[in-house]
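Chemist: One structure is given below, represented as structure tokens, and several questions about it will come after.
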Amino acid sequence: MATIAAAPPYTEQKVTPADNGVWSWLTTVDHKRIGALYLVTALVFFVFGGLEAAVLRAQLATPNGRVVSSEMYSQLFTMHGTTMIFLAVMPLSAAFFNFLIPLQIGARDVAFPRLNAFSYWVYLLGGLFITFPIFFAVAPDGGWFGYAPLSTKAYSPQINMDFWVIGLQILGISSLAAAFNFITTIINMRAPGMTLMRMPIFTWMSFVVQFLVALAFPVITVALVFLLLDRFFGTNFYTIAKGADPLLWQHLFWVFGHPEVYILILPAFGLVSEVLPTFSRKPLFGYPVMVYSGILIGFLGFGVWAHHMFSVGMGPIADAVFSLTTMLIAIPTGVKIFNWIATMWGGQIQFTVAMKYAVALVAMFTIGGISGVMHSSPPADLQQTDTYFVVAHFHYVLFGGSIFGLFAGLYYYFPKFTGRFLSEKLGNWHFWITLVSMNLTFFPMHFSGLLGMPRRIYQYDAGQGLELFNLMSTAGTVLLMIGTAIGLWNVYRSWNHGEIASSNPWGGATLEWTIPSPPPDYNFAEIPMVKSRYPLWNMKGGDKLVHETTAEEERGQRIPTAKELGIVMPNPSIWPLVCAAGIIAMFCGLLFLDSNPLLAIAIMTISTFWWVGSLYKWLLTPLEDHH
Amino acid sequence: MVGTFRPRRLAAFALLGALTLGLAACGGEYPNSTFNHNSEYNSAIDDLFDKLLFWGTLVFIVVEVALVYTIFRFRRRPDGRVPKQVHGNTALEIAWTAIPAVILIFIAIPTVRTIFKTQAKAAPDALQVEVIGHQWWWEFKYPQYGFSTANELYLPNGRTVNFQLKTIDVLHSFWIPQMGGKRDLISNKTNYLWFTPNKDLPSSAWNGFCAEFCGPSHANMRFRVFTVTSAEFSQWTAHQQQVAIFPAAAAEAAPSAAVPMVMPAVRQVSSGGGSVPIVQVAAVLAPAIDSLPVTTKAAIPVWTFPKERMVKEFPHTVPTTPLPNTVSYNESLLAEGDAERGRQIYSRSSCIGCHAIGGTPFNMSAIGPNLTHVGTRHTLAGGLYPNDAKHLAYWIKSAPHLKPGSIMPTLGKGLTDPVRKNVVTVGGLTDMEIADIVAYLQALK
Amino acid sequence: MAEHSQVAAPAHDEAHHPGWSTYWKVAVILTVITAVEVSAYYIPAWENSWVYVPSMLIMSGVKFYIVVMYYMHLKYDHKLFRSLFTGPLLVAMITLVGLLFLFSKLVVRLGLLS
Amino acid sequence: MTATTAPTPPAAGDGHTPSGGHYTSLGLDNRKIAIWTFIGSECMLFASLISTYLIYKGRSPEGPYPHEAWTNPTTGEVFKPIMNIPITSASTFVLLASSFAMVLALAAVQNKHVLKVTTGEKILGSSKLWLWVTCLMGMTFLGFQAYEFTSFVHEGLTMRTNLFGSSFFTLTGFHGAHVTVGVLWLFTLLAIDYKRGLTAADATIVDIAALYWHFVDVVWIAIFTLLYLIK
Ligand code: HEA
Ligand code: HEA
Ligand code: CUA
Ligand SMILES: [Cu+2]
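Keeping their order, the protein sequence lines are chains A, B, C and D. The first sequence lines up with residues 30 to 656 when you count with my numbering. The second sequence lines up with residues 376 to 820 when you count with my numbering. The third sequence lines up with residues 29 to 142 when you count with my numbering. The fourth sequence lines up with residues 22 to 252 when you count with my numbering.
Here you go:
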């Protein structure tokens, strides 16, 4: 038992967090609270994107559907894609980055707590900015990758695409700021003894993702700046009449776009790699290989972008090269899949909902991955691209991959987030309904695609042999709504009424399980000394692997406050929010540039002073009181 | 976990149901399937796809079986002993790095082969077809025969056809699922695509689609493909080459009053949603004018793919899109439509600003489809509707209502154009005038 | 990178920086190279020969290297910073070259090189 | 292998130290790691901008062009080559020199505690002086750029004229914007220096500004060669 870090003395009961007023949330710089904000906001946007999808499916349920107009349909699928990717999945991952990374590396907060808050506020305001237009039927309508020249003023003179260009620009700021923050945090804030090769695998995958963000987002920023200048200032980057090359946009977008898809999946991979070992009672199989394959996937991810462009006529050589690099990625990903199975092999598998979602990811992502490899073969892809086969592919990897992984993480870490369990009973309904209906929704899309259904069509004719598949997909969506609704109800209900959880309810092995649930604002009363990859596990054999704490044994003792422990915590600050608001205001000014230049310039100058001013205020106030 | 029992049981049934449904679905009739070997191009693709499918299925089975076996075999037993703490196994990990690599080689080699095979230069004697994408219809030019048609493509079986793909506005993608893979139409660039409809095909009809999102009517940018015997093909081309067989076609010149009306029509087009920069219009104007050799009425008999065969053997190529209830047209007038009157109305209407009719004075613009033989086509509006009097009438009365975002403006007097948001007054057409124009266009064989 | 995390934490990270003695030399070298570059632009014999482009690229590459190594004291700083810079720089370079190939811009350059 | 040292507090008085235990794994300053990550990300930004310029180079159907004269076929108007090498060479020298001043400024701050005797040492040791010099040179560079832009506009090249115009003004404009930010940053440091005097403890904040400044310089080295000198 000696080597097992039994529940340390200070983990022994909960005191309700001191200040919970609205102001405390607006000014918070606590990574755990910011994580919670990310989680809730992203779930709301997920529902929103899902409802948009539900309308899409309603329209496609029957041939020549008449639920929405063609214009509205374009806005719906554009916003569905944009919302799900930039406002739902990325921020859901961010919720886990924020909440988990400092806990897993044994730190008291991220490197730049206020920058962290800033990222969130920019995301929230940017998300609202890009979402509101749909209520006035002026939402972006050029598809989530807004191909030029359709997205230029010549062919989209209305305001719709302005919201998209500006909105993505804003969201980029948030992601980049977060990336610099987390890279610094992971490099420099690890507890003593937490060598890189002792870092929990989720932190590792997040680490890779932050580099992908830092390197991929500048490229789309540039592409968007060009489009923005074209639309507002009459430059010619995508002006066909001036000899522009529309492929410039496509290349720049996908140089960002493909790393982006790994930005979406790697955090989910990381979470699953945490869940599987805990519930199999075995360490992750081949930890080093899991790390290296993650890095490799990230690196290769920058060399495959043109596989989204096999149909544009790049010529046989380029097609061949990008085809091969794309296929290569199957290898490191495969290693992950097999290592996960090997992790479970010979274990003592306990099927909690979290575990079920993790296992389901392995099963479902493989399907999406294999259809991906089918895409990677250009001649075959020429029959698949821009059909529902692609839609099937990316929903298997995105829903069956990213979303399943994030749900696994949610069920696994919810007790740590809130100190309460999610209901396993509701969770099982949530899981099984989602699993079934997800397949019912997306599997038929393989057929409809290969049987000749292009994507992004608001109506298809009868008698084309597509009725049944589309009906199945729509039926599946209805079930998905019910399933997801159950899941969300579970989250809502359990947040305050769930069963009380102890500091280490699942018998996890890593640092976050050594501290109370929910953790005190300072996380660790004393910075732990890390001696192994699984500090809480006794893997030298013996009758007990880990000391699973229970709520009972932790009842009745109190947790010291930061003051008592003499720990200085950063002061709350409103400036990140003020600064973020100023930046959004500045961008809003652009919208009026055509209709009312003077007003636009006025707004932009004022808000520039606004945010620069608050930035100075923020930087010149010390983070914490001196001692 | 009692709570889990019911949902799991339910799920099992549901999954089974879904699967059987899926299988059942595979029995049906699929007119746009990508799996048929109707051209050497699609044979190459499909052979490749079969390989992908084989290896993919293999991987799928291996992974899923391994996974399912593991989770059942190693369920937590009541006597929860601590399992053996294994950290990894180099040999194994090398194995499952290497095996996928090998599989990928089996995929990569035929892939690269097929890439270079299908993207080689087309045979020099190939039939040349210039495909020009417009929002939202297809212009097909046969440079070797010197005529231009729209939305209906005729190909001789057994002869290689080489498509030169261009667009005058946004990106589109040219796709005939039954014939092979798609190729995008890229602004400021010409793309190529070639294949050979199988020699032994009976002359038949297929569907084609636009596969790159190109605006509100992307879904409606379809076309028809007729692969016919070379004899039929030469009949068709011979007829298409001559100007429309219409009494007194070449006769009186268009009243010059019409000309100023043309320009507003064109300007109108160049602004607003999904429009064509005038520069590019000019670019395509030139060929359209002189490309039609004016043969006098040594009437070569009309030949088109027989309508009844479409209806009987290829029903899926007959569009069934319902008419919107937002426009109404007094269909009883259609019976009284008079072609000659129609021709006169046409000649002073803004139609001539966008459409060309070979052998008539108003044979200029190529903003809209060439109407020389419009009477012989089976579909209209990018293959969205059958080309009969009724649909034609509705179309002329208000194209944008039938085809969202349509660049062809509303012409029905008093209607509001949904794209340009203006009420049609001057130059607007009454139902009767429309009936006449319909009669005229129908007569253009 | 694993070994970096072994480093015990000193009070602050000021690895010794080069001083005036190196700085002025660097400044001179940079000025000279730039002078050469500009003059090369005006020497037709050079400007028209195939050497021109490669020589220009090499010279600016050297300048780039010197500034980063000495002025940005990457040479004297923690190894971590080197990887933080060179890694992304590498990706950026590869992407740039890849794009130039895809837009068939590089065939020209290669022609000049050979 | 575990870290043997107890957590140690970093240099006091900076607004951004890791909160809580003040332990850092590498004993490096967070802000310095952050600025290097930022610079890495900037590499990608300028790589995309430069690629675009090179991709569009020589693609404009109508001029004016950077290195060749162009006659407008319709108007017969003649446009001379746009690039003005002498002026730009001058501004390039200025920017390089500013980097030199910047390192001296940093050195000055780092050696605040060292006592200076000779005037030479006093001059070299004056952080205010060298910060000022850097600032002024940066502003001179911006002045050159402003002149360049206006003269180009007079010669008939705006960012609306053609592909060359769009990509040129955007790329160099982006760089100019970076220089402007740098100048503001330096002024902020000067303000601090005048307010409470920069001490050796502030070395890091100056170092960070310096790193940014040098990076902007490095980017210009690439731009100068690729845009101006290579035809
Ligand atoms: C989470 C996001 C995600 C992930 C992880 C992936 C993963 C992959 N994707 Fe996917 N992809 C998308 C999201 C994603 N994709 C999206 C959103 C689009 C559409 C964008 C749009 O057009 O809107 C897209 C489109 C897309 C295309 C373009 C299709 C087209 O438009 O024509 C291609 C083409 O190559 C492709 C390939 C791949 C490949 C090879 C992988 C690989 O990484 C998969 C690797 C995994 C496996 C292969 C399974 C496990 C491996 C084994 C079990 C080992 C053995 C396997 C073999 C030997 C085959 N994807
Ligand atoms: C992570 C990303 C993600 C996720 C999770 C999803 C989820 C879903 N997507 Fe998504 N989809 C994309 C990313 C994603 N999609 C992208 C990138 C595109 C391309 C866009 C483009 O072409 O530009 C796309 C396109 C796309 C299309 C193609 C549109 C077209 O080409 O015409 C379709 C069509 O069926 C579709 C359907 C769905 C469905 C049914 C879901 C379901 O899984 C949604 C399930 C969730 C819900 C249903 C929400 C739950 C709702 C509630 C809880 C409300 C409860 C209230 C009540 C019950 C009343 N998506
Ligand atoms: Cu044309 Cu889609
Ligand atoms: Cu991709």
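Each residue gets a CB set at the ideal place from its N, CA and C atoms; glycine is no exception.
Can you give me the C-alpha to C-alpha distance between E187/A and I507/B, rounded to a whole angstrom?
Modeler: The question names Glu, yet the displayed sequence has Gln at residue 187/A. Whole-angstrom Cα-Cα distance: 26 Å.
Chemist: Which same chain residues, not among the five before or five after A816/B, have their C-beta less than 6 Å away from its C-beta?
Modeler: In the sequence under discussion, the amino acid at residue 816/B is Leu, which differs from the Ala named in the question. Correct list, in chain order: V749.
Chemist: Got a sec? Which residues, its chain only, sit under 7 Å from F638/A by beta carbon, not counting five neighbours each side?
Modeler: Excluding residues within five positions, none has a Cβ falling inside 7 Å.
Chemist: How do the segment 500–517 of chain A and the segment 423–441 of chain B stand: do at least 3 beta-carbon pairs fall below 8 Å, yes or no?
Modeler: Segments in contact, no.
Chemist: Cα-Cα, which of V434/B, E439/B and G590/B is closest to L390/A?
Modeler: Out of V434/B, E439/B and G590/B, E439/B has the C-alpha closest to the C-alpha of L390/A.
Chemist: Using a cut-off of 7 Å between C-beta atoms, extract the partners of K91/C located in chain D.
Modeler: In chain order: I242.
Chemist: P192/A CB to nearest chain B CB: under 8 Å?
Modeler: Looking at the sequence shown, residue 192/A is not Pro but Phe. No, no contact with chain B.
Chemist: Of the choices G330/A, C608/A and L55/A, whose alpha-carbon is the least far from that of A359/A?
Modeler: Nearest option by C-alpha distance: G330/A.
Chemist: Please list the terminal residues of the continuous alpha helix (DSSP H) segment that includes T14/D.
Modeler: The structure shown does not extend to residue 14/D, since chain D spans only 22 to 252, so no value can be given for it.
Chemist: Since G61/D meets chain C, which of its residues come closer than 8 Å, beta carbon to beta carbon?
Modeler: Ordered by position in chain C, the residues that pass the 8 Å Cβ test against G61/D are L112, F113, G115, P116 and L117.
Chemist: Can you check whether the C-beta of W153/D is within less than 8 Å of a C-beta belonging to chain C?
Modeler: No - not a single Cβ of chain C is within 8 Å of the one on W153/D.
Chemist: Any heavy atom of ligand 2 inside 7 Å of the beta-carbon of W173/A?
Modeler: Answer for W173/A: yes, Cβ within range of ligand 2.
Chemist: Taking the CB atoms as reference points, tell me whether T57/A and A123/A lie closer together than 8 Å.
Modeler: In this structure, A123/A does not lie closer than 8 Å to T57/A by Cβ.
Chemist: In chain order, what residues of the same chain have a beta carbon less than 7 Å from the beta carbon of I509/A, not counting five sequence neighbours either side?
Modeler: Looking at the sequence shown, residue 509/A is not Ile but Leu. Excluding sequence neighbours, L509/A sits near T463, S466, M467 and T470.
Chemist: Thinking C-beta only, is D575/B closer than 8 Å to G717/B?
Modeler: No, Cβ-Cβ distance for G717/B and D575/B is not below 8 Å.
Chemist: Got a sec: does ligand 1 put a non-hydrogen atom nearer than 7 Å to the Cβ of H657/A?
Modeler: The structure shown does not extend to residue 657/A, since chain A spans only 30 to 656, so no value can be given for it.
Chemist: Based on Cα-Cα distance, which residue from H776/B, A814/B, P761/B and D454/B lies nearest to K796/B?
Modeler: Of the candidates H776/B, A814/B, P761/B and D454/B, the one whose C-alpha sits nearest the C-alpha of K796/B is H776/B.
Chemist: Taking only runs of the alpha helix (DSSP H) that begin and end inside the segment 416–446 of chain A, which ones reach a length of at least 4 residues, in chain order?
Modeler: Those alpha helix (DSSP H) runs which fall completely within the segment 416–446 of chain A and span 4+ residues are 417–426.
Chemist: Do A82/A and ligand 2 come close, with the Cβ less than 7 Å from some heavy atom?
Modeler: Within the cutoff, so yes.
Chemist: Are the CB atoms of T650/A and Q133/A within a distance shorter than 8 Å?
Modeler: Not in contact: Q133/A and T650/A (Cβ atoms no closer than 8 Å).
Chemist: Look at the Cβ atom of L241/A, then the Cβ atom of G327/A, and state whether they are nearer than 8 Å.
Modeler: A contact, by the Cβ cut-off of 8 Å.
Chemist: Are the beta-carbon atoms belonging to G106/A and R485/A less than 8 Å from one another?
Modeler: According to the sequence displayed, residue 106/A carries Phe and not Gly. Yes. Within cutoff.
Chemist: In angstroms with no decimal places, state the Cα-to-Cα distance between Q493/A and G455/B.
Modeler: Distance between the alpha carbons of Q493/A and G455/B is about 56 Å.
Chemist: Any Cβ of chain D within less than 8 Å of the Cβ of S77/C?
Modeler: Not one chain D Cβ lies under 8 Å of S77/C.
Chemist: Mind reading off the beta-carbon distance from V382/A to E453/A? Whole number of angstroms is fine, and I expect it under 8 Å.
Modeler: Indeed, because the Cβ distance is near 6 Å, the residues count as touching under 8 Å.
Chemist: Look at L786/B and K772/B and say whether their C-beta atoms are less than 8 Å apart.
Modeler: Contact: yes.
Chemist: Does at least one heavy atom of ligand 4 sit under 7 Å from the Cβ of V402/A?
Modeler: Checking the Cβ of V402/A against ligand 4 gives no.
Chemist: Is the beta carbon of W611/B less than 8 Å from the beta carbon of V600/B?
Modeler: No; because the gap between Cβ atoms is not below 8 Å, this pair is not in contact.
Chemist: For a test of your reading of the model: does the CB of V76/A fall under 7 Å from any non-hydrogen atom of ligand 2? Yes or no.
Modeler: Indeed, a heavy atom of ligand 2 lies less than 7 Å from the Cβ.
Chemist: What residues in the segment 64–90 of chain D have a beta carbon less than 9 Å from any beta carbon of chain A?
Modeler: For the segment 64–90 of chain D, which is checked against every Cβ of chain A, the residues closer than 9 Å are C64, M65, L66, F67, A68, S69, L70, S72, T73, I76, Y77, R80, S81, P82 and E83.
Chemist: Suppose the cutoff is 7 Å on Cβ atoms and the five residues either side in sequence are ignored; what does the same chain contact list for I366/A look like?
Modeler: Within the same chain, I366/A has close Cβ partners V391 and T395.
Chemist: Does the Cβ of W234/D lie closer than 7 Å to at least one heavy atom of ligand 3?
Modeler: Checking the Cβ of W234/D against ligand 3 gives no.
Chemist: List the endpoints of the continuous alpha helix (DSSP H) containing V95/C.
Modeler: No alpha helix (DSSP H) contains V95/C, which DSSP labels as neither H nor E.
Chemist: On a CA-only basis, which of Q488/A, F246/A, M598/A and E581/A is nearest A554/A? Give me that one, please.
Modeler: The shortest C-alpha separation from A554/A is found at M598/A.
Chemist: So, does the CB of N93/A fall closer than 8 Å to a CB anywhere in chain B?
Modeler: Answer yes: the Cβ-Cβ gap between N93/A and chain B drops below 8 Å somewhere.
Chemist: Does any residue of chain C bring its CB to less than 8 Å from the CB of S110/D?
Modeler: With 8 Å as the cut-off, S110/D counts as an interface residue toward chain C.
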